[in-house]
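Colleague:
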Amino acid sequence: NSGFRTHIGRVTINLAPADVKKEGPSFDLPIAIGILSVIGDIDPQKLTKYAIVGELALSGEVRRVRGVLPIVLRMKQENKEAVIVPAENADEAAVVDGIKVYSVKTLQEAVQLINGQYVIPPYRTDLQHIYEVMSEYEEDLSDVKGQEQAKRAIEIAVAGGHNILMIGPPGTGKTMLAKRIPTILPKMTLEEALETTKIHSVAGILKPREALIVRRPFRAPHHTISDAGLLGGGAHPVPGEVSLAHHGVLFLDELPEFHRNVLEVMRQPLEDGYVTIARAAGTVTFPSRFMLVAAMNPCPCGYYGDPRRECRCTDRQIQAYRNKISGPLLDRIDIHIEVPSVRYQEMASLEKGESSAVVRARVVEARKRQQQRFKGRRKIHCNADMTSKDLQKFCQLTPESQEILRMAITELHFSARAYDRILKVARTIADLAGEENIRPEHVTEAIQYRVLDRQYWM
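What follows is the structure in C-alpha coordinates.
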(Lines of atoms letter the chains of each structure in order from A; the text may use other names.)
(Lines give C-alpha, C1' and ligand atoms only; values in the text may rest on other atoms or scores of the structure.)
Protein backbone atom coordinates (compact mmCIF):
# COMPACT_ATOMS: atom_id res chain seq x y z
CA ASN A 7 0.00 0.00 0.00
CA SER A 8 3.02 2.28 0.21
CA GLY A 9 4.40 1.44 -3.24
CA PHE A 10 7.26 -0.84 -2.15
CA ARG A 11 7.71 -4.39 -3.46
CA THR A 12 9.12 -7.08 -1.17
CA HIS A 13 10.43 -9.61 -3.71
CA ILE A 14 12.81 -11.53 -1.45
CA GLY A 15 10.40 -14.25 -0.32
CA ARG A 16 10.19 -15.29 3.29
CA VAL A 17 11.62 -12.84 5.85
CA THR A 18 12.81 -13.82 9.35
CA ILE A 19 12.89 -11.07 11.96
CA ASN A 20 15.04 -11.46 15.08
CA LEU A 21 14.25 -9.17 18.02
CA ALA A 22 17.19 -9.39 20.40
CA PRO A 23 17.85 -9.99 23.24
CA ALA A 24 15.63 -13.07 23.29
CA ASP A 25 15.16 -13.14 27.09
CA VAL A 26 13.38 -9.76 27.10
CA LYS A 27 9.67 -10.13 26.39
CA LYS A 28 8.49 -7.92 23.50
CA GLU A 29 5.04 -6.36 23.36
CA GLY A 30 3.18 -3.55 21.65
CA PRO A 31 3.16 -2.18 18.10
CA SER A 32 6.20 0.10 18.52
CA PHE A 33 8.36 -2.27 16.44
CA ASP A 34 6.16 -2.11 13.30
CA LEU A 35 7.88 0.85 11.64
CA PRO A 36 11.48 -0.19 12.45
CA ILE A 37 10.78 -3.74 11.18
CA ALA A 38 9.38 -2.36 7.91
CA ILE A 39 12.37 -0.01 7.54
CA GLY A 40 14.74 -2.93 8.20
CA ILE A 41 13.12 -5.05 5.49
CA LEU A 42 13.29 -2.18 2.99
CA SER A 43 16.98 -1.68 3.74
CA VAL A 44 17.63 -5.37 3.02
CA ILE A 45 15.90 -5.24 -0.39
CA GLY A 46 17.74 -2.06 -1.35
CA ASP A 47 15.10 0.66 -1.03
CA ILE A 48 17.09 2.26 1.81
CA ASP A 49 20.85 2.69 2.12
CA PRO A 50 21.80 0.71 5.29
CA GLN A 51 24.64 3.15 6.00
CA LYS A 52 22.16 6.00 6.39
CA LEU A 53 20.18 4.02 8.96
CA THR A 54 22.90 3.94 11.58
CA LYS A 55 22.26 7.43 12.97
CA TYR A 56 18.51 6.88 13.47
CA ALA A 57 16.44 5.25 16.18
CA ILE A 58 12.94 4.47 14.88
CA VAL A 59 9.66 3.84 16.68
CA GLY A 60 6.04 3.68 15.53
CA GLU A 61 3.01 1.55 14.72
CA LEU A 62 2.27 0.85 11.07
CA ALA A 63 -1.28 0.58 9.70
CA LEU A 64 -2.13 -1.53 6.63
CA SER A 65 -2.53 1.71 4.68
CA GLY A 66 1.08 2.68 5.41
CA GLU A 67 0.07 5.31 7.95
CA VAL A 68 2.38 5.67 10.96
CA ARG A 69 0.32 5.67 14.15
CA ARG A 70 0.93 6.92 17.66
CA VAL A 71 2.39 4.56 20.28
CA ARG A 72 2.87 4.58 24.06
CA GLY A 73 6.08 5.32 25.90
CA VAL A 74 7.84 7.46 23.28
CA LEU A 75 9.34 9.91 25.80
CA PRO A 76 11.27 7.27 27.82
CA ILE A 77 12.38 5.66 24.54
CA VAL A 78 13.81 8.95 23.24
CA LEU A 79 15.52 9.62 26.58
CA ARG A 80 17.15 6.17 26.38
CA MET A 81 18.22 6.77 22.77
CA LYS A 82 19.91 9.98 23.87
CA GLN A 83 21.84 7.96 26.50
CA GLU A 84 22.84 5.55 23.69
CA ASN A 85 24.28 8.55 21.79
CA LYS A 86 21.89 8.27 18.86
CA GLU A 87 22.00 11.34 16.63
CA ALA A 88 18.32 11.35 15.66
CA VAL A 89 15.02 9.56 16.21
CA ILE A 90 12.04 9.06 13.89
CA VAL A 91 8.65 9.05 15.63
CA PRO A 92 4.97 9.18 14.64
CA ALA A 93 3.74 12.74 14.04
CA GLU A 94 1.30 12.43 16.96
CA ASN A 95 4.19 11.64 19.32
CA ALA A 96 6.46 14.43 18.10
CA ASP A 97 5.56 16.94 20.83
CA GLU A 98 6.51 14.68 23.73
CA ALA A 99 9.63 13.39 21.95
CA ALA A 100 10.92 16.89 21.20
CA VAL A 101 11.11 17.92 24.87
CA VAL A 102 14.34 15.90 25.07
CA ASP A 103 17.29 18.16 24.39
CA GLY A 104 20.41 16.89 22.63
CA ILE A 105 18.80 14.56 20.07
CA LYS A 106 17.12 15.45 16.76
CA VAL A 107 13.47 14.43 16.47
CA TYR A 108 11.84 13.86 13.08
CA SER A 109 8.11 13.22 12.76
CA VAL A 110 6.56 11.17 9.95
CA LYS A 111 2.96 10.38 9.01
CA THR A 112 3.55 7.52 6.56
CA LEU A 113 6.05 4.79 5.77
CA GLN A 114 6.89 6.59 2.52
CA GLU A 115 7.81 9.76 4.42
CA ALA A 116 10.10 7.75 6.70
CA VAL A 117 11.90 6.13 3.76
CA GLN A 118 12.29 9.43 1.90
CA LEU A 119 13.58 11.11 5.07
CA ILE A 120 16.26 8.46 5.61
CA ASN A 121 17.29 8.53 1.93
CA GLY A 122 17.55 12.32 1.95
CA GLN A 123 14.68 12.79 -0.56
CA TYR A 124 12.40 14.41 2.05
CA VAL A 125 14.14 17.26 3.85
CA ILE A 126 12.50 18.62 7.01
CA PRO A 127 13.96 20.43 10.01
CA PRO A 128 14.02 18.61 13.36
CA TYR A 129 10.80 19.02 15.33
CA ARG A 130 11.00 21.60 18.12
CA THR A 131 9.01 22.10 21.32
CA ASP A 132 9.03 25.46 23.10
CA LEU A 133 9.38 24.47 26.76
CA GLN A 134 9.23 28.06 27.98
CA HIS A 135 5.90 28.57 26.21
CA ILE A 136 4.56 25.33 27.71
CA TYR A 137 5.50 26.44 31.23
CA GLU A 138 3.99 29.90 30.71
CA VAL A 139 0.69 28.71 29.21
CA MET A 140 0.08 25.25 30.68
CA SER A 141 1.28 25.66 34.27
CA GLU A 142 -1.66 27.84 35.34
CA TYR A 143 -4.73 26.37 37.06
CA GLU A 144 -8.39 27.23 36.56
CA GLU A 145 -9.13 26.50 40.22
CA ASP A 146 -7.98 28.76 43.04
CA LEU A 147 -8.02 28.38 46.81
CA SER A 148 -9.92 31.67 47.08
CA ASP A 149 -12.91 29.94 45.43
CA VAL A 150 -13.60 28.10 48.71
CA LYS A 151 -15.90 29.97 51.08
CA GLY A 152 -15.01 29.77 54.77
CA GLN A 153 -13.12 26.71 56.09
CA GLU A 154 -10.17 28.82 57.22
CA GLN A 155 -8.95 26.17 59.67
CA ALA A 156 -9.05 23.49 56.98
CA LYS A 157 -7.17 25.78 54.58
CA ARG A 158 -4.53 26.36 57.23
CA ALA A 159 -4.15 22.61 57.80
CA ILE A 160 -3.82 22.04 54.05
CA GLU A 161 -1.15 24.73 53.78
CA ILE A 162 0.82 23.02 56.56
CA ALA A 163 0.36 19.61 54.92
CA VAL A 164 1.62 20.87 51.56
CA ALA A 165 4.54 22.78 53.10
CA GLY A 166 5.85 19.71 54.94
CA GLY A 167 4.80 17.00 52.48
CA HIS A 168 2.38 15.57 55.05
CA ASN A 169 -0.51 13.28 54.13
CA ILE A 170 -3.86 14.64 55.30
CA LEU A 171 -7.30 13.25 56.17
CA MET A 172 -10.37 15.52 56.11
CA ILE A 173 -13.39 14.46 58.16
CA GLY A 174 -16.77 16.12 57.83
CA PRO A 175 -20.42 15.86 56.71
CA PRO A 176 -21.36 15.80 53.00
CA GLY A 177 -21.32 19.15 51.23
CA THR A 178 -18.79 20.92 53.44
CA GLY A 179 -16.23 21.42 50.67
CA LYS A 180 -13.79 18.54 51.26
CA THR A 181 -13.55 17.66 47.56
CA MET A 182 -13.37 21.32 46.55
CA LEU A 183 -10.47 21.85 48.94
CA ALA A 184 -8.68 18.72 47.73
CA LYS A 185 -8.89 19.78 44.07
CA ARG A 186 -7.14 23.04 44.92
CA ILE A 187 -4.19 21.45 46.69
CA PRO A 188 -2.12 21.17 43.45
CA THR A 189 -2.49 24.94 43.01
CA ILE A 190 -0.49 25.64 46.18
CA LEU A 191 2.21 23.03 45.61
CA PRO A 192 5.52 24.43 44.29
CA LYS A 193 5.62 24.56 40.50
CA MET A 194 7.12 21.47 38.88
CA THR A 195 10.78 21.46 37.94
CA LEU A 196 11.77 20.16 34.49
CA GLU A 197 13.08 16.95 36.08
CA GLU A 198 9.76 16.37 37.88
CA ALA A 199 7.80 17.18 34.72
CA LEU A 200 9.83 14.69 32.67
CA GLU A 201 9.36 11.94 35.29
CA THR A 202 5.62 12.54 35.43
CA THR A 203 5.24 12.73 31.65
CA LYS A 204 7.18 9.47 31.20
CA ILE A 205 4.74 7.64 33.46
CA HIS A 206 1.69 9.05 31.66
CA SER A 207 3.29 8.22 28.31
CA VAL A 208 3.91 4.59 29.30
CA ALA A 209 0.33 4.35 30.59
CA GLY A 210 -0.95 5.62 27.22
CA ILE A 211 -2.97 8.48 28.73
CA LEU A 212 -0.86 11.38 27.49
CA LYS A 213 -3.20 13.60 25.48
CA PRO A 214 -2.50 14.21 21.76
CA ARG A 215 -0.24 17.24 21.25
CA GLU A 216 0.58 17.27 24.98
CA ALA A 217 4.35 17.65 25.10
CA LEU A 218 4.98 17.86 28.82
CA ILE A 219 2.89 17.65 32.00
CA VAL A 220 3.78 20.81 33.92
CA ARG A 221 0.80 20.87 36.29
CA ARG A 222 0.84 18.69 39.37
CA PRO A 223 -1.23 15.54 38.73
CA PHE A 224 -4.49 15.18 40.64
CA ARG A 225 -5.84 11.63 40.64
CA ALA A 226 -9.16 10.76 42.27
CA PRO A 227 -9.97 7.05 41.75
CA HIS A 228 -13.44 5.72 42.62
CA HIS A 229 -13.75 3.71 45.83
CA THR A 230 -14.55 0.56 43.79
CA ILE A 231 -11.02 0.49 42.31
CA SER A 232 -9.08 -2.78 42.56
CA ASP A 233 -5.62 -3.14 44.06
CA ALA A 234 -4.21 -3.64 40.54
CA GLY A 235 -5.88 -0.41 39.42
CA LEU A 236 -4.38 1.45 42.36
CA LEU A 237 -0.85 -0.03 42.32
CA GLY A 238 -0.61 -0.99 38.65
CA GLY A 239 -0.62 -4.37 36.97
CA GLY A 240 -1.70 -6.35 33.93
CA ALA A 241 0.05 -9.09 31.95
CA HIS A 242 2.42 -6.37 30.75
CA PRO A 243 2.55 -4.07 33.79
CA VAL A 244 1.25 -0.53 33.40
CA PRO A 245 1.30 2.22 36.04
CA GLY A 246 -1.57 2.44 38.53
CA GLU A 247 -3.07 5.47 40.23
CA VAL A 248 -0.29 5.75 42.83
CA SER A 249 2.24 6.20 40.02
CA LEU A 250 0.02 8.43 37.87
CA ALA A 251 -0.13 10.73 40.92
CA HIS A 252 3.70 10.89 41.11
CA HIS A 253 4.81 14.42 42.11
CA GLY A 254 1.15 15.31 42.64
CA VAL A 255 -1.92 14.48 44.70
CA LEU A 256 -3.78 11.18 45.15
CA PHE A 257 -7.26 11.95 46.48
CA LEU A 258 -9.24 9.12 48.07
CA ASP A 259 -12.78 10.33 48.73
CA GLU A 260 -15.01 8.25 51.03
CA LEU A 261 -11.90 6.53 52.40
CA PRO A 262 -13.72 3.85 54.50
CA GLU A 263 -15.62 2.72 51.38
CA PHE A 264 -12.43 1.49 49.68
CA HIS A 265 -11.81 -2.24 49.99
CA ARG A 266 -9.55 -3.01 52.94
CA ASN A 267 -7.01 -4.89 50.81
CA VAL A 268 -6.79 -1.93 48.40
CA LEU A 269 -5.91 0.45 51.23
CA GLU A 270 -3.40 -1.97 52.74
CA VAL A 271 -1.38 -2.42 49.52
CA MET A 272 -0.93 1.35 49.40
CA ARG A 273 1.23 1.32 52.52
CA GLN A 274 4.39 0.25 50.69
CA PRO A 275 4.41 3.03 48.05
CA LEU A 276 3.54 5.55 50.77
CA GLU A 277 6.60 4.44 52.73
CA ASP A 278 9.10 3.85 49.90
CA GLY A 279 8.04 6.28 47.15
CA TYR A 280 7.95 3.55 44.50
CA VAL A 281 5.96 0.42 43.65
CA THR A 282 7.32 -2.85 42.24
CA ILE A 283 5.07 -5.06 40.11
CA ALA A 284 6.13 -8.66 39.41
CA ARG A 285 4.52 -10.52 36.51
CA ALA A 286 5.45 -13.39 34.19
CA ALA A 287 6.57 -10.82 31.61
CA GLY A 288 9.04 -9.36 34.11
CA THR A 289 9.40 -7.10 37.12
CA VAL A 290 8.78 -3.38 36.74
CA THR A 291 9.34 -0.57 39.24
CA PHE A 292 7.37 2.67 38.91
CA PRO A 293 7.97 5.81 41.02
CA SER A 294 5.09 6.81 43.28
CA ARG A 295 6.03 9.80 45.42
CA PHE A 296 2.73 11.58 45.99
CA MET A 297 0.79 13.48 48.62
CA LEU A 298 -2.12 11.42 49.95
CA VAL A 299 -5.27 13.45 50.55
CA ALA A 300 -8.20 11.48 51.95
CA ALA A 301 -11.73 12.46 52.92
CA MET A 302 -14.43 10.69 54.88
CA ASN A 303 -17.73 11.26 56.62
CA PRO A 304 -17.69 11.07 60.43
CA CYS A 305 -20.21 8.20 60.36
CA PRO A 306 -22.17 6.02 57.88
CA CYS A 307 -25.03 8.53 57.54
CA GLY A 308 -22.55 11.41 57.40
CA TYR A 309 -24.06 13.74 60.00
CA TYR A 310 -22.44 12.83 63.33
CA GLY A 311 -21.68 16.09 65.13
CA ASP A 312 -23.52 18.24 62.57
CA PRO A 313 -25.62 20.88 64.40
CA ARG A 314 -28.12 21.06 61.51
CA ARG A 315 -29.02 17.41 61.00
CA GLU A 316 -29.44 14.55 63.42
CA CYS A 317 -27.19 11.50 63.15
CA ARG A 318 -29.10 8.20 62.79
CA CYS A 319 -26.14 5.91 63.51
CA THR A 320 -25.51 3.87 66.64
CA ASP A 321 -22.19 4.03 68.48
CA ARG A 322 -21.37 0.54 67.24
CA GLN A 323 -22.06 1.50 63.60
CA ILE A 324 -19.86 4.58 63.92
CA GLN A 325 -17.00 2.61 65.45
CA ALA A 326 -17.27 -0.15 62.82
CA TYR A 327 -17.25 2.48 60.06
CA ARG A 328 -14.07 4.10 61.36
CA ASN A 329 -12.39 0.77 62.04
CA LYS A 330 -12.37 0.13 58.28
CA ILE A 331 -9.25 2.30 58.20
CA SER A 332 -6.38 0.33 59.71
CA GLY A 333 -3.93 1.69 62.26
CA PRO A 334 -0.89 1.12 59.99
CA LEU A 335 -2.49 3.27 57.28
CA LEU A 336 -3.40 6.00 59.77
CA ASP A 337 0.24 5.87 60.92
CA ARG A 338 1.16 7.29 57.52
CA ILE A 339 -1.30 10.20 57.71
CA ASP A 340 0.17 13.07 59.72
CA ILE A 341 -2.81 15.44 59.80
CA HIS A 342 -6.46 14.70 60.62
CA ILE A 343 -8.72 17.74 60.33
CA GLU A 344 -12.44 18.27 60.88
CA VAL A 345 -14.25 20.12 58.07
CA PRO A 346 -17.55 21.38 59.56
CA SER A 347 -20.57 22.76 57.73
CA VAL A 348 -20.12 26.27 56.34
CA ARG A 349 -22.18 28.98 58.03
CA TYR A 350 -24.61 31.07 55.97
CA GLN A 351 -22.66 34.28 56.65
CA GLU A 352 -19.55 32.72 55.11
CA MET A 353 -21.42 31.39 52.08
CA ALA A 354 -23.07 34.76 51.42
CA SER A 355 -19.90 36.79 51.96
CA LEU A 356 -18.44 38.54 48.91
CA GLU A 357 -15.03 38.76 50.54
CA LYS A 358 -12.40 36.63 48.84
CA GLY A 359 -9.94 34.56 50.83
CA GLU A 360 -6.23 34.25 50.13
CA SER A 361 -5.33 33.24 46.58
CA SER A 362 -3.39 30.09 45.74
CA ALA A 363 -0.43 32.23 44.62
CA VAL A 364 -0.14 33.91 48.04
CA VAL A 365 -0.30 30.59 49.91
CA ARG A 366 2.09 28.92 47.44
CA ALA A 367 4.69 31.63 48.08
CA ARG A 368 4.72 30.73 51.79
CA VAL A 369 4.89 27.03 50.95
CA VAL A 370 7.87 27.57 48.65
CA GLU A 371 9.76 29.46 51.37
CA ALA A 372 9.08 26.67 53.88
CA ARG A 373 10.25 24.06 51.36
CA LYS A 374 13.49 26.00 50.80
CA ARG A 375 14.24 25.81 54.52
CA GLN A 376 13.69 22.05 54.43
CA GLN A 377 15.92 21.62 51.37
CA GLN A 378 18.68 23.42 53.22
CA ARG A 379 18.09 21.33 56.35
CA PHE A 380 18.23 18.00 54.51
CA LYS A 381 20.91 18.94 51.99
CA GLY A 382 22.78 15.84 50.83
CA ARG A 383 20.07 13.44 52.08
CA ARG A 384 18.73 11.53 49.07
CA LYS A 385 15.75 9.89 50.76
CA ILE A 386 14.51 12.91 52.70
CA HIS A 387 12.76 15.61 50.70
CA CYS A 388 10.67 17.31 53.37
CA ASN A 389 9.69 17.17 57.05
CA ALA A 390 7.25 14.28 56.59
CA ASP A 391 10.17 12.01 55.60
CA MET A 392 12.13 12.52 58.83
CA THR A 393 13.27 9.46 60.77
CA SER A 394 13.34 9.14 64.57
CA LYS A 395 17.00 10.17 64.54
CA ASP A 396 16.12 13.27 62.50
CA LEU A 397 13.38 14.17 64.97
CA GLN A 398 15.91 14.15 67.81
CA LYS A 399 18.21 16.42 65.82
CA PHE A 400 15.79 18.87 64.19
CA CYS A 401 12.76 18.86 66.52
CA GLN A 402 14.18 19.67 69.93
CA LEU A 403 11.57 21.15 72.27
CA THR A 404 11.78 23.70 75.05
CA PRO A 405 10.64 22.55 78.53
CA GLU A 406 7.37 24.47 78.02
CA SER A 407 6.73 22.74 74.68
CA GLN A 408 7.55 19.35 76.20
CA GLU A 409 5.03 19.95 78.98
CA ILE A 410 2.30 20.84 76.47
CA LEU A 411 3.00 17.65 74.53
CA ARG A 412 3.06 15.55 77.72
CA MET A 413 -0.36 16.89 78.71
CA ALA A 414 -1.71 16.08 75.24
CA ILE A 415 -0.48 12.51 75.42
CA THR A 416 -1.80 11.88 78.95
CA GLU A 417 -4.93 14.03 79.27
CA LEU A 418 -6.25 13.91 75.71
CA HIS A 419 -5.40 10.20 75.49
CA PHE A 420 -3.37 10.48 72.31
CA SER A 421 -1.98 7.22 71.02
CA ALA A 422 1.77 6.62 70.97
CA ARG A 423 1.92 6.92 67.18
CA ALA A 424 0.73 10.53 67.41
CA TYR A 425 3.93 11.70 69.14
CA ASP A 426 6.23 11.63 66.09
CA ARG A 427 3.51 13.03 63.83
CA ILE A 428 2.97 16.01 66.13
CA LEU A 429 6.70 16.77 66.14
CA LYS A 430 6.90 16.64 62.34
CA VAL A 431 3.89 18.90 61.89
CA ALA A 432 5.17 21.32 64.56
CA ARG A 433 8.49 21.49 62.67
CA THR A 434 6.59 22.45 59.50
CA ILE A 435 4.54 25.10 61.33
CA ALA A 436 7.80 26.60 62.60
CA ASP A 437 9.21 26.59 59.04
CA LEU A 438 6.13 28.43 57.75
CA ALA A 439 6.62 31.00 60.51
CA GLY A 440 10.30 31.38 59.58
CA GLU A 441 11.38 30.13 63.03
CA GLU A 442 14.46 28.00 63.60
CA ASN A 443 13.15 26.68 66.94
CA ILE A 444 9.82 24.98 67.62
CA ARG A 445 7.83 27.23 69.92
CA PRO A 446 4.99 26.20 72.31
CA GLU A 447 2.33 27.68 69.99
CA HIS A 448 3.63 25.51 67.14
CA VAL A 449 3.19 22.37 69.26
CA THR A 450 -0.27 23.51 70.41
CA GLU A 451 -1.42 23.98 66.82
CA ALA A 452 0.05 20.64 65.72
CA ILE A 453 -1.91 18.88 68.48
CA GLN A 454 -5.17 20.19 66.97
CA TYR A 455 -4.51 18.18 63.81
CA ARG A 456 -4.71 14.72 65.42
CA VAL A 457 -8.49 14.31 65.62
CA LEU A 458 -8.62 10.52 65.21
CA ASP A 459 -6.03 9.96 67.92
CA ARG A 460 -8.28 11.39 70.60
CA GLN A 461 -9.87 8.44 72.32
CA TYR A 462 -12.88 10.52 73.35
CA TRP A 463 -13.57 11.59 69.76
CA MET A 464 -16.50 9.48 68.61
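So my numbering is basically just the index in the sequence shown, starting at one, shifted up by 6.
Ideal Cβ positions, reconstructed from N, Cα and C, are used throughout, including at glycine.
Only a predicted model underlies this, so the values are computations on that prediction, with no experimental measurement involved.
1. When you compare each of T202, L147, V248 to P76 by their alpha carbons, which one comes out closest?
2. Beta carbon of V101, beta carbon of A217: below 7 Å?
3. Report the option in K28, M172, D340, L42 whose CA atom is closest to the CA atom of G166.
4. CB-CB under 6 Å to A475, same chain, minus the five flanking residues each way: which ones, in chain order?
5. Would you identify the three-state DSSP class for L258, choosing helix, strand or coil?
6. Where P243 and K28 are concerned, what is the direct C-alpha to C-alpha distance, given to the nearest angstrom?
7. For a minimum of 4 consecutive residues, which ranges assigned as the alpha helix (DSSP H) are wholly contained in the segment 37–109?
8. Helix, strand or coil for I283? Go by DSSP, reduced to three states.
9. Between the alpha carbons of Y455 and A390, how many angstroms are there, rounded?
10. Taking the alpha-carbon positions, what's the R158 to Q377 distance?
11. Exposed or buried, which one is P23 when buried takes at least 16 other CB atoms within 10 Å?
12. Start and end of the beta strand (DSSP E) containing L276?
13. Can you name the residues that DSSP bridges to L403?
14. To which residues of the same chain is Q467 closer than 6 Å at the C-beta, ignoring the five residues directly before and after it?
15. Determine the contact status of A300 and L261, defining contact as a CB-CB distance below 7 Å.
16. Mapping DSSP to helix, strand and coil, what is R433?
17. Could you please give the first and the last residue of the uninterrupted alpha helix (DSSP H) stretch that includes E263?
18. Relative to the alpha-carbon of N95, which residue among R70, D103, L119, Q83 has its alpha-carbon at the smallest distance?
19. Would you mind reading off the limits of the alpha helix (DSSP H) that contains V208?
20. Quick one: grab the DSSP three-state call for P188.
21. Can you give the Cα-Cα distance for E447 and L438, rounded to whole angstroms?
22. Assign R427 to one of two classes, buried (16 or more other C-beta atoms within 10 Å of its C-beta) or exposed (fewer than that).
23. Going straight from the alpha carbon of G238 to that of I283, what length do you get?
24. Classify N303: buried if its beta carbon has 16 or more other beta carbons within 10 angstroms, exposed otherwise.
25. For R456, which beta-bridge partners are listed by DSSP?
26. Please list, in chain order, all residues of the same chain as S294 whose beta carbon is under 7 Å from its beta carbon, the five residues on each side excluded.
27. State the start and end residues of the unbroken beta strand (DSSP E) segment that holds M392.
28. Candidates R215, T181, P214: which alpha carbon is nearest A226's?
29. With 16 as the cutoff for other CB atoms within 10 Å, does N126 come out buried or exposed?
30. For L113, report the span of its beta strand (DSSP E) as first-last.
Modeller: From the atom records:
1. It is T202 whose Cα lies nearest to the Cα of P76.
2. Contact flag set, yes.
3. Out of K28, M172, D340, L42, D340 has the C-alpha closest to the C-alpha of G166.
4. Here the chain comprises residues numbered 7 to 464, so residue 475 is not present and cannot be evaluated.
5. DSSP, reduced to helix, strand and coil, places L258 within a strand of the structure shown.
6. Rounded to whole angstroms, P243 and K28 show a C-alpha spacing of 12 Å.
7. At a cut-off of 4 residues, the continuous stretches assigned as alpha helix (DSSP H) that sit fully inside the segment 37–109 are 50–53, 74–83, 96–99.
8. I283 sits in a strand when the DSSP states are folded into three classes.
9. If you take the alpha carbons of Y455 and A390, they lie about 14 Å apart.
10. Computed Cα separation, rounded: 22 Å.
11. The Cβ neighbour count for P23, taken over all protein chains shown within 10 Å, is under 16; the residue is labelled exposed.
12. Following the DSSP letters along the chain, one finds L276 in no beta strand (DSSP E) but inside the alpha helix (DSSP H) bounded by residues 273–278.
13. BP columns for L403 point to I444.
14. This structure does not reach residue 467, given that the chain is present from 7 up to 464, and the question cannot be answered.
15. Yes, the Cβ-Cβ distance between A300 and L261 is below 7 Å.
16. Residue state for R433 is assigned as helix, using DSSP reduced to three classes.
17. Counting along the chain, no alpha helix (DSSP H) covers E263, and no H or E run does either.
18. In this structure, R70 is the residue among R70, D103, L119, Q83 with its C-alpha nearest to the C-alpha of N95.
19. Here the alpha helix (DSSP H) through V208 covers 196–209.
20. Helix at P188.
21. Their Cα atoms are separated by approximately 13 Å.
22. By the neighbour-count rule (16 or more Cβ atoms within 10 Å), R427 is buried.
23. One C-alpha to the other measures close to 7 Å.
24. Looking at its Cβ environment, which holds 16 or more other Cβ atoms inside 10 Å, N303 is buried.
25. Looking at the DSSP output, R456 sits in a beta bridge with H342.
26. Hits under 7 Å: V248, S249, H252, P275, G279, Y280, V281.
27. That residue, M392, is in no beta strand (DSSP E); it is neither H nor E in DSSP.
28. With distances taken between Cα atoms, A226 lies closest to T181.
29. Note on identity: in this sequence residue 126 is Ile, with Asn being the wrong assignment. I126 counts as exposed, since fewer than 16 other C-beta atoms from the protein chains shown sit within 10 angstroms of its C-beta.
30. Taken as a continuous stretch (DSSP letters only), L113 belongs to no beta strand (DSSP E), being part of the alpha helix (DSSP H) at 113–121.
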